[in-house]
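> I'd like to ask you about the structure that follows.
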Amino acid sequence: MDNKALRVIISGGGTGGHIYPAIAIANELKVRNENTEILFVGANDRMEMEKVPKAGYEIKGLWIAGIQRNLSFKNLMFPFKLLHSLWSALKIVKRFNPDVVIGVGGYASGPTLWAGTKRNIPALVQEQNSFAGITNKLLSKKVQRVCVAYDKMDQYFPKEVIVQTGNPVRKDISNLDLDSKSKGLQFFNLDPNKKTILVIGGSLGALSINESILEMLDDILANDYQLVWQTGKYFYPKAQAALSQKENSLIYCSEFIYEMDKAYAVSDVVISRAGALSISELCLVKKPIILVPYPYAAEDHQTKNALSLVEKDAALMVSDQDARANLKRMLFDLLADETIQMKLIKNITPLGVCDADVRIVNEVYNLINQ
Numbered sequence: 000m001d002n003k004a005l006r007v008i009i010s011g012g013g014t015g016g017h018i019y020p021a022i023a024i025a026n027e028l029k030v031r032n033e034n035t036e037i038l039f040v041g042a043n044d045r046m047e048m049e050k051v052p053k054a055g056y057e058i059k060g061l062w063i064a065g066i067q068r069n070l071s072f073k074n075l076m077f078p079f080k081l082l083h084s085l086w087s088a089l090k091i092v093k094r095f096n097p098d099v100v101i102g103v104g105g106y107a108s109g110p111t112l113w114a115g116t117k118r119n120i121p122a123l124v125q126e127q128n129s130f131a132g133i134t135n136k137l138l139s140k141k142v143q144r145v146c147v148a149y150d151k152m153d154q155y156f157p158k159e160v161i162v163q164t165g166n167p168v169r170k171d172i173s174n175l176d177l178d179s180k181s182k183g184l185q186f187f188n189l190d191p192n193k194k195t196i197l198v199i200g201g202s203l204g205a206l207s208i209n210e211s212i213l214e215m216l217d218d219i220l221a222n223d224y225q226l227v228w229q230t231g232k233y234f235y236p237k238a239q240a241a242l243s244q245k246e247n248s249l250i251y252c253s254e255f256i257y258e259m260d261k262a263y264a265v266s267d268v269v270i271s272r273a274g275a276l277s278i279s280e281l282c283l284v285k286k287p288i289i290l291v292p293y294p295y296a297a298e299d300h301q302t303k304n305a306l307s308l309v310e311k312d313a314a315l316m317v318s319d320q321d322a323r324a325n326l327k328r329m330l331f332d333l334l335a336d337e338t339i340q341m342k343l344i345k346n347i348t349p350l351g352v353c354d355a356d357v358r359i360v361n362e363v364y365n366l367i368n369q
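If you count the sequence shown from 1, position 29 lands on 28 in numbering that gives the first Met the number 0, and the numbers rise without skipping.
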C-alpha cells in the first residue's frame, strides 16, 4: 500500500466517545506518514476544542448545535446556525483542500462531510454505536465508506459502503498483561488476594450506579471484596463523606480515573455504562461485566450497544431504573459464580478488536488509491 503523505480533515466530537477515536485515527495516519497534514473541525464550545489541541492537532470550530428534544428557544436559532456552519465548512474545505474527509459523529460532522462531498472529495464515516445517528444515516448516501463496530448495520447504511473495523481504543488498554495488574494493585493500594470490583460511570458519573454502590458498601466490605470506584465529579463529595465513616483502605474512590489500563487490569468484575467506546474497551480487557445503559442517550443507543453483548452471552445487563433494586443481587451472584464468569469471558473475547485504528486508516488509503 502506498502510504503517502495526505491532507486529511477529521470532523466531529461533542463527547469523548467521538473525540478519542478521532484522535486515534489521526495518530495512526501520522504513524503511516509523519508528513501527513491533519485538520480537525469541531463545534464551538464543545469539548473537542480543548481535547484536540492537547493531543497536538489544529482544530477549527463551527457555530453549530443540535436540536433540543424539548421545546426550547434555542431551536429557533438552529436554522441560522446550520446555514452558517455549512458556509463555514465549505470555506474550510476549499482552503485546506484535503485528499479525504473523515466524520466521526457529532454536530460538526454533518456540515463538514457535506462540504467535502459537495467538492467531490472522498469521504469516510466512522460510526461507533450499534444504532446509527440521523446525521450519519444521511451522510451514508454521499460517502464511499462507513466503518462500523457492530453487526447488522446494513439496516442503517447501504451494504456496499460498510466495512466492519471496530472502534479505536488506546494502546495501553489493548495491551494489558500481568505487569499491568501488578502495577495496578500497587497504584490503587489493593490486596492481590481479594476480588476487585471496578465501577465506572463516565466522567460525569452515573447516579443509579453510584447510589446502588453507596447502599452496598457495607456488604462489599463484609464479603471481603475490594472496590475501585469512579464516581464522576457530582457524586464524589457524597461518596467521600460515606467512605470517611469506613475504616477500610481497600476502597479506592476518585471522581475520574486516568489510569484506566491499571483499573481494568486489577478488576475481577466491571460495572459500567454502555457507551460505544466503553463497550469496545471492555471487549478487549476480557472481564465479566454488568452494563447499566444510560437511558437518555440519543435513540436509547446505549441499551442497543449493551444488548449486542447480552444477546451473545458476553455480558449481563440491568436497566437504569432497576439498578437500585437489582444491581446488588446481580453483582454478588456473579462474584460467587466462577462458571458464569468464565462463560462471559469466553464469549466476550472474540469480540475485541485491538487494531481498529489500523483498519480504518487502511480504508482511508484504499479510498485515495481508488
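C-beta: ideal position from N, C-alpha, C; glycine also.
Whole alpha helix (DSSP H) runs in the stretch 279 to 320 with 4 or more residues, listed along the chain?
Runs of the alpha helix (DSSP H) inside the stretch 279 to 320: 300 to 309.
> On the DSSP letters alone, give me the boundaries of the alpha helix (DSSP H) that K345 sits inside.
Indexing the sequence shown from 1 puts residue 345 at position 346. First-last of the alpha helix (DSSP H) with K345: E337 to I347.
> In terms of residue numbering, what span does the beta strand (DSSP E) encompassing Q229 cover?
Here the question's residue 229 lines up with position 230 in the sequence shown. Q225 to Q229 is the span of the beta strand (DSSP E), which, as asked, contains Q229.
> When you compare only the Cα positions, how much space is there between Q185 and N135?
For the purposes of this step, residue 185 is taken as residue 186 along the sequence shown, with counting starting at 1. For the purposes of this step, residue 135 is taken as residue 136 along the sequence shown, with counting starting at 1. The alpha-carbon atoms of Q185 and N135 are separated by roughly 43 Å.
> What are the complete beta strand (DSSP E) segments, minimum 3 residues, inside the stretch 152 to 196?
Fully enclosed beta strand (DSSP E) runs of 3 or longer: 161 to 163.
> Where do the N-terminal and C-terminal ends of the beta strand (DSSP E) with Q244 fall, by residue?
Residue 244 sits at position 245 when you count from the first residue of the sequence shown. Segment: none, Q244 is in no beta strand (DSSP E) and carries neither H nor E.
> Does DSSP classify I212 as helix, strand or coil?
Start at 1 with the first residue of the sequence shown, and residue 212 comes out as number 213. Of the three classes helix, strand and coil, the one that applies to I212 here is helix, per DSSP.
> Quick check: the stretch 286 to 301 against the stretch 212 to 220, are at least 3 beta-carbon pairs closer than 8 Å?
Segments in contact, no.
> May I ask you to report which of helix, strand or coil DSSP gives E362?
The sequence position of residue 362 within the sequence shown is 363, counting from 1. The answer is helix: DSSP assigns E362 an H, G or I state.
> With three or more beta-carbon pairs closer than 8 Å as the criterion, would you say the stretch 299 to 313 touches the stretch 258 to 278?
The stretch 299 to 313, when compared against the stretch 258 to 278, does touch it at the 8 Å Cβ threshold.
> Taking only the alpha-carbon atoms, compute the straight-line gap between L326 and N222 and give it to the nearest angstrom.
As a working mapping, residue 326 is identified with position 327 in the sequence shown. As a working mapping, residue 222 is identified with position 223 in the sequence shown. Rounded to the nearest angstrom, the two C-alpha atoms are 16 Å apart.
> For N304 and N128, what's the separation of their Cα atoms in angstroms?
Position 305 of the sequence shown, counted from the first residue, corresponds to residue 304. Position 129 of the sequence shown, counted from the first residue, corresponds to residue 128. Looking at the two C-alpha atoms, the distance is approximately 7 Å.
> Which stretch, first to last residue, makes up the beta strand (DSSP E) that contains V145?
Mapped onto the sequence shown, residue 145 falls at position 146. It spans R144 to V147 - the beta strand (DSSP E) in which V145 sits, taken as one unbroken run.
> Within 10 angstroms of its Cβ, does A42 collect 16 or more other Cβ (buried), or is it exposed?
Here residue 42 is taken as the residue at index 43 of the sequence shown, counted from 1. Classification of A42: buried, given that the 10 Å Cβ count is 16 or more.
> Thinking just about the alpha-carbon of each residue, which of N26, G16, L89 and I8 is nearest to the one in I58?
Taking the sequence shown and counting its residues from 1, one reaches residue 58 at position 59. The shortest C-alpha separation from I58 is found at I8.
> Compare the Cα-Cα distances from N346 to each of L315, V357 and R328 and report the closest residue.
By one-based count along the sequence shown, residue 346 stands at place 347. For the residues L315, V357 and R328, the minimum Cα distance to N346 belongs to L315.
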